[in-house]
Every structure is written in structure tokens, then in C-alpha cells.
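**Q** Sharing a structure here in C-alpha cells format.
Residue numbers (this note's numbering): 63 to 243.
Given below as C-alpha cells:
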């Protein structure tokens with residue numbers, strides 16, 4: 063497969079995928095060596111990111127896979143179009159629960175409830191229904207949850223390593239100890 067055909071085939075596949083696809087899977091599907099696919103993906107990513115010719119889409123790597131997304135440059139326009147008066151925001155309880163899962167994963171519902179101090183069963187169901195958390199295993203019969211690829215995509219992150227550190231936002235232990243005295 064020549065370079066032009068390979069790039070076209072990659073674009074066609076990447077336009078229809080629902081979640082990021084690893085380069086190895088793309089190579090297998092297209093029956094092309096992995097190195098050629100990786101080179102073509104990087105060339106497409108760079109071409110789409112050309113600042114002199116901004117496009118409405120970009121090719122991003124998320125959680126080890128590749129997918130075409132709308133450009134971050136036009137996020138406000140896309141957001142207005144998608145939402146168009148609808149409320150798609152998460153409640154304060156859902157945001158807090160999602161933060162606990164993101165920073166403590168893998169975690170059980172019971173562990174999240176302990177951190178938050180309230181029952182989180184319905185909130186976890188909502189987050190799972192929205193595709194932001196997913197089952198990642200089991201611990202002593204309890205389901206373990208973690209954030210999903212959808213979470214990374216919505217947050218604009220490639221990996222969980224992109225989460226901001228929590229330490230700067232936490233009070234010093236001396237401050238906490240001083241309050242109890």
C-alpha cells in the first residue's frame with residue numbers, strides 16, 4: 063500500500079471508531095507493518111496540527127490509542143452546538159465522586175463512600191451510565207472502578223498522569239492538627 067492510500071485508509075478507519083484504537087490494531091486491520099502505520103499516523107497528526115492552516119479536527123493519542131477529535135481550537139463552538147440549551151453538567155456530588163475515583167483508582171463503591179462520607183451508589187451508577195467510570199476488576203467480591211477512556215477524552219487528557227497534583231490544594235497537616243485543639 064503506498065503512502066497516500068495508507069493515509070486515506072487510516073483516515074477512513076479513524077473517522078468511524080468510537081474509541082481510540084492502538085496503532086498495532088490499525089496495522090493488523092490494514093495489513094501494513096506497524097512502523098509504516100506509526101509513521102503515517104504521526105504525519106497525519108502533524109499535518110492536521112499545522113498552525114498556518116487550522117482545521118476543525120485533530121488526531122490525538124489517548125490511552126495508547128488514536129482517534130480523530132474535533133479541534134480544541136473550536137471547543138467553544140462545538141460545545142454550544144452540542145449542548146444548545148441542554149444541561150449536560152454533572153452535579154457537585156458526581157464531580158466529587160468522580161474526583162475520588164480518578165485519584166484513588168482502582169476503588170470500590172464502599173471506599174468512595176468512606177472518602178465522601180455519604181452513600182455513592184446512585185452517583186456511581188450515573189457516572190457509569192455516562193461512560194465516565196467503568197468496572198476494572200474485583201477485590202474480595204466487590205467491584206473495582208476506575209475512570210474510562212471517555213473520562214480522559216472529556217477532560218482533554220492523554221493519560222491519568224495528566225491529572226493535576228492534589229498536594230498543592232490540601233491543607234498542611236499542622237493546620238488540620240491545630241484546628242482540633
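Where a beta carbon is used, it is the ideal one built from N, C-alpha and C, also for glycine.
In this text, all values refer to a predicted model and were calculated from it rather than measured experimentally.
(1) Within a Cβ cutoff of 8 angstroms, which residues of the same chain sit near residue 196, ignoring the five residues on either side of it in sequence?
(2) Count the other CB atoms within 10 Å of the CB of residue 227; is the residue buried (16 or more) or exposed (fewer)?
(3) Considering only their Cβ atoms, is the gap separating residue 212 from residue 225 smaller than 7 angstroms?
(4) Below 8 angstroms, can you find three or more Cβ-Cβ pairs linking the stretch 68-78 to the stretch 96-107?
(5) Within 8 angstroms, do at least three Cβ pairs link the stretch 127-139 to the stretch 78-89?
(6) Who are the near neighbours of residue 217 in its chain, counting only those whose CB is closer than 6 angstroms to its CB and skipping five residues on each side?
(7) What runs of the alpha helix (DSSP H), each 4 residues or longer, lie entirely inside the stretch 178-210?
(8) Cβ of residue 196 within 6 angstroms of any heavy atom in the ligand HEM?
**A** Taking the geometry as given:
(1) Excluding positions up to five away in sequence, the list reads 190, 207, 208, 209, 210.
(2) The residue is exposed, with fewer than 16 neighbouring Cβ atoms inside 10 Å.
(3) In this structure, residue 225 lies away from residue 212, with their beta-carbon atoms at least 7 angstroms apart.
(4) Counting C-beta pairs closer than 8 angstroms gives three or more between the stretch 68-78 and the stretch 96-107, which meets the contact rule.
(5) Touching, per the Cβ criterion.
(6) If we look at residue 217 and ignore the five residues flanking it on each side, it has no Cβ neighbours.
(7) Residue ranges of uninterrupted alpha helix (DSSP H) with 4 or more members, entirely inside the stretch 178-210 and ordered along the chain, are 183-191.
(8) Of the ligands one can find in the structure shown there are none, so the ligand HEM has no counterpart to examine.
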